[in-house]
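Start counting the sequence shown at 1; every next residue gets the next number (the UniProt record's numbering). We treat Cβ as the ideally placed atom computed from N, Cα and C, and that holds for glycine.
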Amino acid sequence: MKRKVADCFKVDDRGAVAATYALSLFALIAVAGIGFDYARLAGMDSELQNAADQAALAGVTQLDQKTGACARATNAAIALLNNQSRLANDGVLSEVQINGGSTITVAADICSDETPGVRFWTDKDKSELADSDAEAAFIEVIVDDRVARYAFTPIVGALNDELNAAAMAGLGSAICKVPPLMICSPDPLAPFNASVKKGWGIKATGGGTWAPGAFGFLEVGDGTKEDVIIALAYGDANLDCAPLDGTQAEPGNDTNFYRALNTRFDIYDFSKGSGTTLGPCYDGDCPPAPNVTKDLVNFNTTFNGANACKITYNNNGWGFPANRFFPKVRNTATETAGTIHDADGVSAMGLGRDLCHYTSYGASCKSLNGLGAKDPTSRYGNGYWARGDYFQKYHTSLASVATTVASAGTNPATWTRYETYLWELGKLQVPNGAGGFTTVPGGAVPTANLAAGQRTTPVCQPAAVGGIDRRVLTVAVVKNCASLTPSTEIEVDEWVDVFLVEPVAIGISDKSESDNGRENNVIYVEVIGPASLGGKNGAGGPQEIRRDVPYLVQ
């Protein structure tokens with residue numbers, strides 16, 4: 001019996017796969033096309049992101065807070081891009097660009113002008129746009145849009161897609177080879193402004209703590225006391241740098257910290273024993289400054305004894321002179337820069353503290369410097385020191401020095417202690433009005449008075465030669481002291497260069513000295529000005545101690 005044709009279709013399924021394949025072919029081609037085009041898109045995204053990253057890193061290196069920083073950063077980011085997009089196929093140039101590749105004119109404070117593709121921020125959280133070169137700390141760059149025209153995806157209706165990329169960069173900064181010292185800002189809500197406080201004396205340590213557990217020292221290196229001692233004493237301390245934007249306060253207050261710092265004054269008040277942290281100082285690792293004129297005297301003539309270079313307060317080592325500088329009571333009606341405050345025949349003196357830091361002067365520093373309740377213990381002076389006494393003791397008189405240096409257009413009646421120190425070394429320079437500097441003539445380190453025990457140049461160890469000045473320190477001005485704990489990172493308002501005025505007194509037993517304001521364990525310094533870190537602030541020089549490294553934020 002013959003089968004009907006219709007019945008054959010019911011039982012014969014040959015060719016069914018071809019029909020299924022034909023029906024699914026559209027979807028299969030679409031999936032393959034999407035995969036191909038997505039790979040192109042992902043590759044182009046990587047190209048653009050790499051370009052944005054490198055442009056941001058190039059731009060941020062120009063953010064030095066100086067005039068034109070934002071413009072220079074913008075141009076650095078734009079000019080850097082030599083990257084080519086191999087996967088963009090929009091018919092334009094293959095180069096990846098910012099602002100169409102057009103640089104801008106370098107001008108002051110264009111930070112807020114928002115050049116297309118470049119923005120500047122004050123913080124990494126992008127909460128506030130920078131309004132000036134001084135505020136710009138982070139740069140964000142956005143490369144120009146590029147188009148990827150799809151090869152297969154148009155089958156499902158997608159023709160092309162636009163991509164760009166953004167990156168943000170900042171500078172990671174560290175401060176290196178500086179003594180780990182800090183002071184608390186008297187007003188954490190206002191800038192410290194070291195330029196205004198130039199010449200002010202400050203008790204950097206002593207008199208209790210700046211904050212709970214904060215004695216005036218910072219952690220350095222591995223955070224051990226030994227590393228703090230090394231940083232304070234050694235001429236070349238091989239320690240890790242500290243982050244510029246904050247480290248932690250050193251909770252300890254070891255007497256060896258002060259012994260370490262006194263090496264800068266030719267005082268070696270510790271054992272020669274090998275294996276001790278300070279032992280290498282006797283081998284020249286802790287040189288004194290070339291000018292160590294101070295109010296401590298030493299009658300030892302051979303300097304071979306075990307105590308010859310220690311503070312002993314007797315004739316065997318360093319001690320106070322017979323007739324010390326004790327200023328008379330303040331008299332505002334008659335005082336001038338050249339006033340002699342102690343006419344009783346001072347045996348030996350150093351550059352001395354601010355007069356208000358001597359009890360005999362009878363005036364409160366906080367009432368003279370304008371800080372009042374912001375400086376409750378009068379740690380800050382007012383910059384008024386005994387110029388007249390010092391110049392009369394070592395350089396005939398203030399008036400005679402004024403005559404000697406008049407040709408340089410400067411007046412010693414306004415000099416700080418640091419400027420006086422530089423003049424004695426023949427290193428004081430003043431602007432000459434022609435864009436350069438003139439070395440002020442006539443300076444000389446005071447002549448040693450052996451009969452009085454006065455030593456003005458080093459006798460215990462050879463003086464430091466070249467390099468960083470051993471009596472110039474860089475300290476952190478901290479603005480979060482009220483909330484500071486041993487585990488809290490400090491917030492640095494400003495790094496400040498200071499001058500080490502006098503040796504640290506250790507173990508004073510002389511009541512007349514302590515009654516006159518000379519306290520144990522006080523590091524007394526004078527403000528020079530904003531730190532010359534060799535980075536953002538100042539022109540650098542021998543004190544260059546800053547290291548900046550660009551890094552990507554996002």
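With respect to the alpha helix (DSSP H) encompassing D515, which residues constitute its N-terminal and C-terminal limits?
511-515
Let me check one thing: in DSSP terms, what residues is D548 bridge-paired to?
Per DSSP, S173.
So which of V141, D125, R119, A322 has the shortest CA-CA distance to residue 599?
Nothing about residue 599 can be reported from this structure: the residues present for the chain run from 1 to 554 only.
Which value, in whole angstroms, describes the spacing of the CA atoms of K374 and A190?
12 Å
Simplified DSSP assignment, three categories, for M168
Here M168 sits in strand by DSSP.
Find out if the Cβ-Cβ distance for the pair F320, D515 is shorter than 8 Å.
no
Distance cutoff 8 Å, beta carbons only. Does F217 sit that close to anything in chain C?
Although the question refers to chain C, the structure presented lacks it and comprises just one protein chain.
Please go through the same chain and pick out, in chain order, the residues whose beta-carbon is closer than 6 Å to the beta-carbon of Y358, but skip the five residues on each side of it.
P327, N516, G517
Since V297 contacts A348 with CB under 8 Å, what's their CB separation in whole angstroms?
At roughly 5 Å, the Cβ-Cβ gap stays under 8 Å, so V297 and A348 are in contact.
What's the gap between the Cα of L278 and the Cα of T332?
For the pair L278 and T332, the Cα-to-Cα distance works out to about 46 Å.
What did DSSP end up calling L129 once you bin it into helix, strand or coil?
Of the three classes helix, strand and coil, the one that applies to L129 here is strand, per DSSP.
Bridge partners for N307 per DSSP, in chain order?
For N307, which the question treats as bridged, DSSP gives no partner whatsoever.
If you follow the alpha helix (DSSP H) that V405 is part of, which residue opens it and which one closes it?
Boundaries of the alpha helix (DSSP H) harbouring V405: 398-405, taken from the DSSP string.
For G68 and D497, what's the separation of their Cα atoms in angstroms?
Taking the straight line joining both Cα atoms gives about 26 Å.
On a Cα-Cα basis, can you pick out the residue from A231, D342, Q65 that is closest to S360?
D342
Can you check which of these residues, F138, A399, E219, is closest to I175 by C-alpha distance?
When only C-alpha atoms are compared, the closest one is E219.
For the structure I just gave you, are there three or more beta carbon pairs, one from the region 480-500 and one from the region 521-532, closer than 8 Å?
yes
Anyone know if the C-beta pair for A289 and A167 falls short of 8 Å?
no
Does the structure place the region 464-479 close enough to the region 436-455 that three or more beta carbon pairs sit under 8 Å?
Output reads no: the region 464-479 does not touch the region 436-455.
Return the first residue and the last residue of the alpha helix (DSSP H) that Q392 is part of.
387-394
Applying the 10 Å Cβ sphere with the 16-neighbour rule, what's the burial state of Q554?
exposed
With the cut-off set at 8 Å, would you say A48 and I139 are in Cβ contact?
First, the residue type needs correcting, since residue 48 is Leu and not Ala in the sequence shown. No, Cβ-Cβ distance for L48 and I139 is not below 8 Å.
What does the Cβ neighbour count give for D145, buried or exposed, with the cut at 16 atoms within 10 Å?
exposed
Length of the line joining the Cα atoms of D354 and N382:
7 Å
So, using beta-carbon positions, are A56 and A169 closer together than 8 Å?
yes
Sorted by chain position, which residues of the same chain lie with C-beta nearer than 7 Å to F437's C-beta, five sequence neighbours on each side aside?
Q429, V430, P431
Would you say G172 and V405 are within 8 Å of each other, going by their C-beta atoms?
no
Output needed for N315: all residues of its chain with C-beta closer than 6 Å, excluding positions within five of it in sequence on either side, in chain order.
F299
Of the listed residues N291, L484, P212, A260, nearest to T446 (C-alpha basis)
It is Pro, not Thr, that sits at residue 446 in the sequence shown. Of the candidates N291, L484, P212, A260, the one whose C-alpha sits nearest the C-alpha of P446 is N291.
Buried or exposed (CB count within 10 angstroms, at least 16 for buried), T20
exposed
Output the distance between the C-alpha atoms of G284 and Q461, rounded to the nearest integer angstrom.
G284 and Q461: Cα-Cα distance of roughly 7 Å.
Under DSSP, the alpha helix (DSSP H) around R417 begins and ends at which residues?
417-424
Taking the alpha-carbon of K124 as reference, which of F217, S112, V60, L500 has the nearest alpha-carbon?
V60
Alpha carbon to alpha carbon, how far is E491 from K479?
6 Å
Spatially closest choice to P179 from E128, A260, S378, N164, by CA coordinates
A260
CB K198 to CB Y524, shorter than 8 Å?
no
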